[in-house]
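Residue numbers (the working numbering): 4 to 649.
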């Protein structure tokens, strides 16, 4: 049925519009201040000035964060009050994406192509522009599956960029600039690993935003939120295990540990919400289960709070996050005692058939045994149940009050009416239950209820990113197969050789595909006369590019030549001097500790687990020599192909 619009809501909306406009003006002002401070930060070499400016920047950025949060609140406040208190979802913490500056790779890549690959750089402008457009697009991904795929696509494309244009001995000379996700402080590095790590961070952050947006009042919404937060935890964990020495705080091991734990806690909270949706609440065992789920949520949030209170993290994490986490920890502790009380006071005493099962569940329910009669007597005696229930409620009310007190200490959270409403609703519910079971003639002193043993029906999983789900093709495919035409290989300038066919053929053996290799040259044969050598790769036949050609195609081209002979283009890899240069670089890398490096051991592990070549994460710049048959230091690729004489 159609409903008219609420005139009161209309005036509320115009007020909202004015507030939005005002906040946007303030945001613009802060952005201008940030730009000024950043220029000073970069321009000055004075350490004292740099420190002052960094402090200034963190103030500006926390102001920006506050303004953005205020804007976020305004944007979400329209539909908040349409729920009744029962089904209001407690807010989750999403992360902002790291911002980056534009990057112009046109000149550096064209130069590298002409210098290293000996090709006309100009001929690759289309590919370079396509790469830059992809980078531009991934700066602002949409908050959905398409946005996630865009980040994955760019991340996978970086594997090819790394292999093609980042030799172990030098950098491209371009800087990758990224801003810290929480403070906005700028960092830059020449290492491509910093770019990869930042994209990976944004993949995690985007998952958190998708998780926080779900409607958790329904089962599908809850399952999507659980999935999103688990994947966010996986991305941050992967980043922590595969990168080290990040130049920005958000990617330090301490911050990433904190973020992984925060995501796991948010998953656990969703699991609790899921159980409240699925369970029949009037059942004794179901209520015990809910109490244990709530105790588990309290447990994980108090771990997050400890992590956030550590020295390297404390001054960095927004105060509103630390407070929210502490509030949730107290809130869920209160809920665990509330559900324990409800189980005891609202459920009838067990029948003989139920007694054994209830006794067994209750035996593992408390951290320490409650004082008083044996469990069996307790379960069967309504008065004993009421007494223990009352003790649990007393503890619940104390914890509700503590949650509300902490909530009141934080200005940003005080503005979050939703959280306020959830806390006061839960508090009132416990109070009214208490007054309902409290008898005026109670002369006993309410005892101390023991805490509830945390237990969950669904353990959170940390889901690592599956890079192979987004297939990408190498944009710079035309440079030739990566096994040979990569940044780490060097070769002598291409040679053109004119070859006549003798009565015994050309006098060489060929092996492999893309590119085909001259595996042997018969002394005194036509090939030897023409100056072909073992280890030469055939890159063209009669002007036709053969870098990607299969064995049979090259043989076909050679066989179809007549008396006039054939022009063959070949290159020879500089095999012998390569390893020494790599060792020098490795030594240099280990001394430059400021560079974001990937953890060698883990990159090897992830290689073994990875499903496709596009996930190769060898950021460690040490050359991993191919174990396949090598020929004068040249790694062969397709050894499966039998050698054949031609």
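The C-beta atom is built at its ideal place from N, Cα and C for all residues, glycine as well.
Nearest residue (CA-CA) to residue i, options the options
i           : options            : result
residue 350 : 454, 337, 386, 373 : 386
residue 425 : 69, 32, 34, 93     : 93
residue 412 : 207, 323, 147      : 323
residue 130 : 565, 514, 328, 481 : 481
residue 312 : 362, 280, 359, 260 : 260
residue 472 : 28, 158, 144       : 158
residue 340 : 225, 430, 520      : 430
residue 368 : 390, 539, 342      : 342
residue 297 : 459, 541, 558, 366 : 459
residue 326 : 62, 551, 95, 578   : 95
residue 244 : 221, 524, 495, 465 : 465
residue 328 : 291, 379, 262      : 262
residue 252 : 185, 274, 126      : 185
residue 196 : 174, 215, 210      : 174
residue 25  : 44, 70, 41         : 70
residue 187 : 126, 220, 59, 530  : 59
residue 400 : 334, 22, 494       : 334
residue 374 : 450, 528, 421, 486 : 450
residue 41  : 57, 31, 48, 49     : 57
residue 111 : 144, 487, 176      : 176
residue 494 : 546, 120, 483      : 120
residue 405 : 220, 384, 330      : 330
Beta-carbon spacing of residue i, residue j below 8 Å
i           : j           : result
residue 277 : residue 301 : no
residue 393 : residue 441 : yes
residue 308 : residue 257 : no
residue 268 : residue 304 : yes
residue 101 : residue 182 : yes
residue 227 : residue 212 : no
residue 151 : residue 141 : no
residue 463 : residue 233 : yes
residue 321 : residue 68  : yes
residue 179 : residue 160 : no
residue 651 : residue 207 : There is simply no residue 651 to check, as the chain begins at 4 and stops at 649 in what is shown.
residue 520 : residue 544 : no
residue 470 : residue 155 : yes
residue 403 : residue 433 : yes
residue 146 : residue 106 : no
residue 576 : residue 534 : no
residue 144 : residue 209 : yes
residue 348 : residue 379 : no
residue 242 : residue 200 : yes
residue 168 : residue 497 : no
residue 288 : residue 238 : no
residue 651 : residue 512 : Residue 651 is absent from the structure shown; the chain starts at 4 and stops at 649.
residue 353 : residue 382 : yes
residue 1   : residue 488 : Since the first residue shown for the chain is 4 and the last is 649, residue 1 is missing from the structure and cannot be characterised.
residue 529 : residue 510 : yes
Environment of residue i [buried if 16+ CB atoms lie within 10 Å]
i           : result
residue 492 : buried
residue 35  : exposed
residue 407 : buried
residue 435 : exposed
residue 198 : buried
residue 254 : buried
residue 38  : exposed
residue 652 : Limits of the chain in this structure are 4 at one end and 649 at the other, which puts residue 652 out of reach.
residue 51  : exposed
residue 162 : buried
residue 62  : exposed
Simplified DSSP assignment, three categories, for residue i
i           : result
residue 192 : strand
residue 181 : strand
residue 476 : coil
residue 61  : helix
residue 696 : Residue coverage of the chain in this structure runs from 4 to 649, which leaves residue 696 outside it and unanswerable.
residue 369 : strand
residue 523 : strand
residue 458 : coil
residue 465 : coil
residue 572 : strand
residue 630 : For residue 630, the pLDDT reaches just 34, beneath the cut-off of 50, and the residue's location in the model is therefore unreliable, leaving the point undetermined.
residue 484 : coil
residue 49  : coil
Beta bridge counterpart(s) of residue i as assigned by DSSP
i           : result
residue 508 : 505
residue 543 : 548, 572
residue 499 : 572
residue 103 : 181
residue 494 : 576
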